[in-house]
Amino acid sequence: AATPDGATEVVVKFASRYGKAAHRLLSDAKLAPKLHWCEPIIGGLFMVVMDHLEDGASIWRLRNSSRPKPVPEAVLRDVKRALKLLHENRFVFGDLRDTNVVSSKEQGFLVDFDWAGKEGEDRYPAALNENNKWHAEVRAHAVMSKAHDDYQFEQLEAQLK
1 AATPDGATEV VVKFASRYGK AAHRLLSDAK LAPKLHWCEP IIGGLFMVVM DHLEDGASIW
61 RLRNSSRPKP VPEAVLRDVK RALKLLHENR FVFGDLRDTN VVSSKEQGFL VDFDWAGKEG
121 EDRYPAALNE NNKWHAEVRA HAVMSKAHDD YQFEQLEAQL K
């Protein structure tokens, strides 16, 4: 999809919940794709419109393609900056995995703010992938914490070494 003037390629997604404020915070800091629009529509689903990251690839895709590519060091640095900014503003990301970190033009971006919310208030969804290595306190409907994000960052960092 593209903006009405056709100047910008965008991604449109639909989600049952979305951390609009967290996405906007990182978007303004150039640590997430530019957020154009995010509002609930029919049936309570959120429609989210954001910039498409040119030449962007998730860390998972970089590492698991037929020709694996190294993840630029700047990507992890940017993810760390993004978490710091979120945490300073009482937000948590909640789902920091290699599929939700995108490398584009030697820069790192967080994507997929479906779980993002306020620390100590918002909760994990009912269904969690049991194959992922989560912090010991993470379970369905558990209250989200900065410590969980930090743990997931450590796991991500270890994968890339």
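Each residue of the sequence shown is one higher than the one before, counting from 1 in full-length UniProt numbering. Beta carbons: idealized from backbone N, C-alpha and C, even for Gly. Since this is a predicted model, take the numbers as computed values, not measurements.
Beta-bridge partners of residue i, as assigned by DSSP
i: residue 37; result: 49
i: residue 123; result: 143
i: residue 118; result: 91
i: residue 65; result: None; residue 65 has no bridge partner.
i: residue 14; result: 47
i: residue 102; result: 58 and 109
Nearest candidate by alpha-carbon position, reference residue i, set the options
i: residue 98; options: 17, 7, 109 and 92; result: 109
i: residue 101; options: 13, 90, 57 and 52; result: 57
i: residue 151; options: 61, 93, 22 and 9; result: 93
i: residue 133; options: 142, 148 and 25; result: 148
i: residue 36; options: 42, 44, 60 and 21; result: 21
i: residue 26; options: 136, 124 and 79; result: 79
i: residue 90; options: 118, 33 and 17; result: 118
i: residue 153; options: 59, 12 and 106; result: 59
i: residue 45; options: 12, 52 and 161; result: 12
i: residue 41; options: 17, 64, 10 and 124; result: 17
i: residue 52; options: 135, 68 and 8; result: 8
i: residue 162; options: 87, 69 and 77; result: Only positions 1 to 161 of the chain appear in the structure, and residue 162 is not among them; the question remains open.
CB-CB length for residue i against residue j, believed under 8 Å
i: residue 39; j: residue 47; result: 6 Å
i: residue 120; j: residue 145; result: 7 Å
i: residue 71; j: residue 62; result: 6 Å
i: residue 29; j: residue 85; result: 6 Å
C-beta atoms of residue i and residue j nearer than 9 Å
i: residue 128; j: residue 139; result: yes
i: residue 112; j: residue 143; result: no
i: residue 141; j: residue 158; result: no
i: residue 116; j: residue 43; result: no
i: residue 15; j: residue 114; result: yes
i: residue 106; j: residue 74; result: yes
Residue i, enclosing beta strand (DSSP E) - first and last residue
i: residue 27; result: Per DSSP, residue 27 belongs to no beta strand (DSSP E); it is in the alpha helix (DSSP H), 20-28.
i: residue 110; result: 107-110
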